[in-house]
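In our numbering, the protein residues as written are 8 to 400. A short write-up of the structure that comes next.
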Ligand SMILES: [Zn+2]
């Protein structure tokens, strides 16, 4: 395909995406999120719920039936006057739209750069001449720009894209290929592009999360007090007071190692969120609005991680901490952002973790999370019901 053809294809893709999006909006009655009035009063705005499988029967529950965004523990940062510098995509100075955690937007357009990057990528497991599988989640690693080496290296070393694709393929059988593409995005932002059926994970997102976690690390020079209300996981081998005797380089190395673990966990949550968008498209799920779809994608990420047990629970709590840090860095949510505010997403993650395994997380037990153990199973089951035809038996 020539570049001119790619450009034309991209233009068509934009139109298809718009049509798809319009079809999806405004259909389906949102089930009520399980959330008490007290929670609403005490905490951030609840996640909304709205998705209804288009082909679902009368008993089809919505995959958007929410894990309640119950507020517990420390109160979230209250909204403040919004920064005048904010844009429709910006989120926080440290974690803008291109950051992997808060932003998992449906991409609005396909750029020529994206199309070109699809021409010849180094596939995650073979040379770029290999024909990709016709169906399933297919990992691809694009050649990183010089500035994106941190993210590219971490993804490659830990096989994060490959493993996410493998886990997704072990769970569902797709009727077509969804490419999971890691690439240099020049700040465009991670997202799912339904026109090309591509999950695009931006390398620079990892560097931004690295910076976020590094600044929030307990040993960082200007580390703020722990901003994580209950349940923020300690990085493995978290430093003790004795660590002060170590050299600066040793401490820096320890911070870097722990932060890399955290970034890797956020990547997994991000990829599963985007996979939620892809699967919603496969199943023709309908949503009342963009926010409802984003909430449902978040719940799919929770589903995938919580299926793993303690390891996935840890990853989800790490993602919650990333949202906490982002919210602390910019406590003024962007009113044009279709995602729930960072503080809400963080609390929803924690609620799901606690709800899925309350006995493993007594530290997460707060009065406002009392409903989480009864709220998570139906949230999980509505997704699995919607995915039933795809589930690998
Ligand atoms: Zn999203």
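Note that the Cβ used here is the ideal one computed from N, Cα and C, for glycine as well. Since this is a predicted model, take the numbers as computed values, not measurements.
Could you work out which residue in 327, 389, 368, 147 is closest to residue 347 when comparing CA atoms only?
With distances taken between Cα atoms, residue 347 lies closest to 327.
Cβ-based burial, residue 351 [other Cβ within 10 Å; buried from 16]:
Residue 351 is buried by the Cβ-count criterion.
Residue 308 vs residue 287 beta-carbon contact at 8 Å:
It is not a contact, given that the beta carbons lie outside the stated cut-off.
Rounded to whole angstroms, what's the CA-CA distance from residue 396 to residue 198? Just pull it up for me.
Pairing residue 396 with residue 198, the inter-Cα distance amounts to about 25 Å.
Close beta carbons around residue 108, own chain, < 7 Å, minus the five adjacent residues each side:
Caution is warranted here: a pLDDT of 37 is assigned to residue 108, below 50, making its placement in the model unreliable, and the coordinate value is therefore given only provisionally. Excluding residues within five positions, the ones whose Cβ falls inside 7 Å are 102, 216, 273, 277, 326, 329, 330, 333.
By Cβ distance, which residues of its chain are closer than 6 Å to residue 387, with the 5 residues on each side in sequence left out?
Excluding positions up to five away in sequence, the list reads 310.
Return the CA-CA distance between residue 313 and residue 363, expressed in angstroms with no decimal places.
Just so you know, the alpha carbons of residue 313 and residue 363 end up roughly 7 Å apart.
Is the closest heavy atom of ligand 1 to the C-beta of residue 301 under 7 Å?
Yes, the Cβ of residue 301 comes within 7 Å of a heavy atom of ligand 1.
Report yes if the C-beta of residue 280 is less than 7 Å from at least one heavy atom of ligand 1; otherwise report no.
Placement of the Cβ of residue 280 at a distance of less than 7 Å from at least one heavy atom of ligand 1 is found.
Could you check the C-alpha separation between residue 227 and residue 170 for me, to the nearest Å?
Taking the straight line joining both Cα atoms gives about 31 Å.
Judging by CA-CA distance, which residue of 368, 335, 297 is the nearest neighbour of residue 316?
Taking each of 368, 335, 297 in turn and checking the Cα distance to residue 316, the smallest one comes out for 368.
If you run the structure through DSSP and keep just helix, strand and coil, what is residue 111?
Note that residue 111 scores 37 on pLDDT, short of 50, meaning its location in the model is unreliable; the coordinates nonetheless yield the value given after this. Reduced to three states, the DSSP call for residue 111 is coil.
Cα-Cα separation between residue 365 and residue 343, rounded to whole angstroms
For residue 365 and residue 343, the distance between alpha carbons rounds to 35 Å.
Where do the ends of the alpha helix (DSSP H) carrying residue 208 lie?
Annotation for residue 208: no alpha helix (DSSP H) segment contains it, though the beta strand (DSSP E) segment containing it runs 205-209.
Put residue 186 into one of helix, strand or coil per three-state DSSP.
Strand.
Could you name the residues of the same chain whose beta carbon sits closer than 6 Å to that of residue 384, not counting the 5 residues immediately before and after it, in chain order?
Taking residue 384 as the centre and dropping the five residues before and after it, the same chain places no C-beta closer than 6 Å to its C-beta.
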